Amino acid sequence: MNLEELQENWDKLGRSDAMWAVLTDPEKKGGKWEAAEFFRTGEAHISGVLAELEGLGVSLNYGCALDFGCGVGRLTQALAGRFAEVHGVDIAPSMVEQAERFNRFPQRCHYHLNSRSDLKMFEDGKFDFLCTFIALQHIEARYVLDYVREFVRILRPQGVAVFQLLEPSLLRRLVPSFLITGYRKWRYRGRPYVWEFGVTQARIDQLLRETGCRVLQRRREPCRNKGWNALTYTLSRSISLLPF
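Terminal number for the sequence shown in my numbering: 234, no gaps in between.
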């Protein structure tokens, strides 16, 4: 799935059932998420992430933060209650439109539409903190690697990034991608869908070594969807990085 197809798919999901597409609770499908409840899950998530950073001994600067794959702003709004400046980025116009409507901090929280495989809208070293959850898992590996490189580039020296992705099982890696693509097209026949992609830990570890950043924590957990592990990385940008 290229980025144009990804944008079309997620724009449709955003227009049909945006909150469920972000948090796919079966009991909430069909517009059953109540907005206040939905955004409380974001508050709880960010509180947990920040507490974990504190447990790692990370001294975070609460200047500028980025939520990548922000959807309708579930985590962005939680960050905006804590950081001086916050940006949310998403590929789907419908998601960004709704995020703007739910924005309670318009003076310091800004949303951006991005359909590129880079984040050139942001200069080097802009962010003190960057996070992305349940977003990279919906993007093909070739783009995930591009985005992770960009995460490191746009972090300030000593800035911190926390990102989550899926690692496929050996069995999933053995299935040819054209078979998966063909099945997906046959099953959904033009309808929007939530689909997972994965990247191996070895590829991410190699990329992070190349960038010269410091991995503070790498956590692997079983995923509720069989055939995947959830990988969560916490990293810090070094004062000086190797050239990309």
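Even for Gly, the Cβ is constructed at its ideal location relative to N, Cα and C.
Remember, it's a predicted structure, so these values are computed and weren't measured experimentally.
Secondary structure of residue 14 (DSSP, three-state): coil. Selection 94, 95, 103, 77 evaluated against residue 86 yields 103 as nearest (Cα-Cα). Residue range 218 to 226 is occupied by the beta strand (DSSP E) that includes residue 222.
The straight-line gap separating the alpha-carbon atoms of residue 126 and residue 190 is approximately 13 Å.
In the three-state reduction of the DSSP assignment, residue 190 falls in the coil class, being assigned neither a helical nor a strand state. Spatial neighbours of residue 64 in its own chain (CB-CB distance under 7 Å, excluding positions within 5 residues in sequence) are listed in chain order as 12, 28, 29, 31, 32. Around the C-beta of residue -8, fewer than 16 other C-beta atoms lie within 10 Å, and the residue is accordingly described as exposed. Taking the Cβ atoms as the reference, residue 224 lies roughly 4 Å from residue 207, within the contact range of under 8 Å. Per DSSP, the beta bridge partners of residue 145 are 117.
Distance check between residue 201 and each of 211, 222, 140, 153 places 140 closest, using alpha-carbon atoms only.
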